[in-house]
Each structure stands twice: as C-alpha cells, then as structure tokens.
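Enquirer: Using this note's numbering, you'd call the opening residue of the sequence shown number 399 and step up by one each time. Ideal Cβ positions, reconstructed from N, Cα and C, are used throughout, including at glycine. Quick caveat: nothing in here was measured; it's all calculated off a predicted structure. Here you go, one structure.
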Amino acid sequence: MKRKNFLLMTPLLLFISCSSALNFATVDQNVSEVALKVSKKEDVNFDLLNKNSKGYYYVLNSRGVVIYHPKKALEGKNFGDLEFVAAILSKKNGCIKGIFDNRERIIIFKEMGSDILCYTISPEYITSNYNCDIYKGEGK
399 MKRKNFLLMT PLLLFISCSS ALNFATVDQN VSEVALKVSK KEDVNFDLLN KNSKGYYYVL
459 NSRGVVIYHP KKALEGKNFG DLEFVAAILS KKNGCIKGIF DNRERIIIFK EMGSDILCYT
519 ISPEYITSNY NCDIYKGEGK
C-alpha cells in the first residue's frame with residue numbers, strides 16, 4: 399500500500415469532526431468504513447481525514463512498520479517491539495485504551511488485508527460506553 403494511493407475522500411467520513419462529543423459505535427463504524435475502502439483499493443486521503451478529525455489515522459503493516467502517519471518522520475519506522483503495537487498486531491481488530499504520548503487515548507484498529515488501520519482519539523471526545531482492552535504500559 400502506497401501513501402500516494404490515498405487521494406479521494408468522501409464527505410461521510412468527515413462527520414467525525416462535526417461535534418465535540420462522539421458516539422463510540424459511530425467512530426468505530428467510521429474506522430471500519432475507511433478500512434474497507436482501503437482494503438478494496440479505493441483511494442482515501444488520510445491527510446484530509448486527519449485535518450478534519452478529533453483524532454488521527456495511521457497505518458501499520460503486519461510487522462509494525464508505519465506505512466502512513468500524520469507525523470511523516472514516523473513513516474518507515476518499526477514499532478512492532480512496543481507492547482501495545484504487538485497487541486494491535488496480534489488482535490488485528492478492536493480497541494485499546496491507555497496512555498500514549500503521555501496522554502490518555504483510545505486506539506481503534508481494523509484489519510485491512512495484511513495492514514492495520516489505527517485511529518487514535520482522546521476519551522474526552524467519546525460519549526458512550528466502550529469496551530476496550532486496557533493497556534497498562536506507556537506507549538509512544
């Protein structure tokens with residue numbers, strides 16, 4: 399999967415940014431829709447998604463190498479040895495709640511073929527109950 403393939407954006411996916419509080423099921427469904435589009439080889443503009451979102455998307459390959467991240471310096475780096483990334487790679491679909499970058503975050507992740515789409519958001523933007531695995535360690 400090449401970053402240049404993420405060129406087209408649908409308005410439906412922009413509603414993540416429309417309100418200050420979001421329903422977890424809605425966010426989870428949005429992430430699923432983006433993952434489905436990418437797995438079908440449809441173009442998705444992650445830069446635009448991240449610009450118009452409360453959180454941010456990134457993509458990991460099956461070894462934990464970052465394929466796409468809004469912090470371009472992280473692309474190509476392998477984070478597979480980090481405990482929370484290893485959990486994401488192992489589980490492939492789900493969510494993790496924990497401390498990442500010194501902030502409490504929820505990471506929702508979905509398998510897209512051999513890659514995994516991750517969406518990171520602060521719990522303060524989620525209004526409904528969610529059942530995420532609790533990650534106890536510190537993440538980057």
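Give me whichever residues DSSP pairs with VAL464 in a beta bridge.
Expert: Working through the sequence shown from its first residue, we reach residue 464 at position 66. DSSP lists LEU458 as partners of VAL464.
Enquirer: For the segment 510-521 against the segment 484-499, do three or more pairs of beta-carbon atoms, one drawn from each stretch, fall closer than 8 angstroms, so that the two count as touching?
Expert: A contact exists between the segment 510-521 and the segment 484-499.
Enquirer: Have a look at ASN448 and ALA484 and give me their C-alpha separation to the nearest angstrom.
Expert: As a first step, residue 448 must be located in the sequence shown, where it is residue number 50. As a first step, residue 484 must be located in the sequence shown, where it is residue number 86. If I take the Cα positions, the gap works out to 24 angstroms.
Enquirer: With DSSP collapsed to three states, give me the class of ASN428.
Expert: Residue 428 sits at position 30 when you count from the first residue of the sequence shown. Helix, per DSSP.
Enquirer: Rounding to the nearest angstrom, what Cα-Cα distance links ASP479 and VAL463 in this structure?
Expert: Indexing the sequence shown from 1 puts residue 479 at position 81. Indexing the sequence shown from 1 puts residue 463 at position 65. Answer to the nearest angstrom: the Cα atoms are 10 angstroms apart.
Enquirer: What are the start and end residues of the alpha helix (DSSP H) that includes ILE486?
Expert: By one-based count along the sequence shown, residue 486 stands at place 88. Per DSSP, ILE486 belongs to the alpha helix (DSSP H) from 481-489.
Enquirer: Check each candidate in LEU472, LYS452, GLY453 and ASN476 and name the one with the smallest Cα separation from ARG461.
Expert: Start at 1 with the first residue of the sequence shown, and residue 461 comes out as number 63. Selected option, being the one with the closest Cα: ASN476.
Enquirer: Measure the alpha-carbon distance for ASP445 versus PRO468 and round it to whole angstroms.
Expert: Your numbering for residue 445 matches position 47 in the sequence shown. Your numbering for residue 468 matches position 70 in the sequence shown. Distance between the alpha carbons of ASP445 and PRO468: 7 angstroms.
Enquirer: Return the CA-CA distance between GLN427 and PHE507, expressed in angstroms with no decimal places.
Expert: As a first step, residue 427 is located in the sequence shown; it is residue number 29 there, counting from the start. As a first step, residue 507 is located in the sequence shown; it is residue number 109 there, counting from the start. The straight-line gap from Cα to Cα measures roughly 11 angstroms.
Enquirer: Compare the beta carbon distance of VAL442 and VAL432 with 8 angstroms and say whether it is the shorter of the two.
Expert: Residue 442 sits at position 44 when you count from the first residue of the sequence shown. Residue 432 sits at position 34 when you count from the first residue of the sequence shown. Yes. Within cutoff.
Enquirer: Would you report the Cα separation of ALA423 and ASN529, rounded to the nearest angstrom?
Expert: Here residue 423 is taken as the residue at index 25 of the sequence shown, counted from 1. Here residue 529 is taken as the residue at index 131 of the sequence shown, counted from 1. Rounded to the nearest angstrom, the two C-alpha atoms are 11 angstroms apart.
Enquirer: Could you tell me whether the Cβ atoms of ILE519 and VAL436 are closer together than 8 angstroms?
Expert: Counting from 1 along the sequence shown, the entry for residue 519 is found at position 121. Counting from 1 along the sequence shown, the entry for residue 436 is found at position 38. Cβ atoms of ILE519 and VAL436: not closer than 8 angstroms.
Enquirer: Indicate the three-state DSSP secondary structure (helix, strand or coil) for PHE422 in the structure shown.
Expert: In the sequence shown, counting from the first residue as 1, residue 422 sits at position 24. Three-state DSSP puts PHE422 in a helix.
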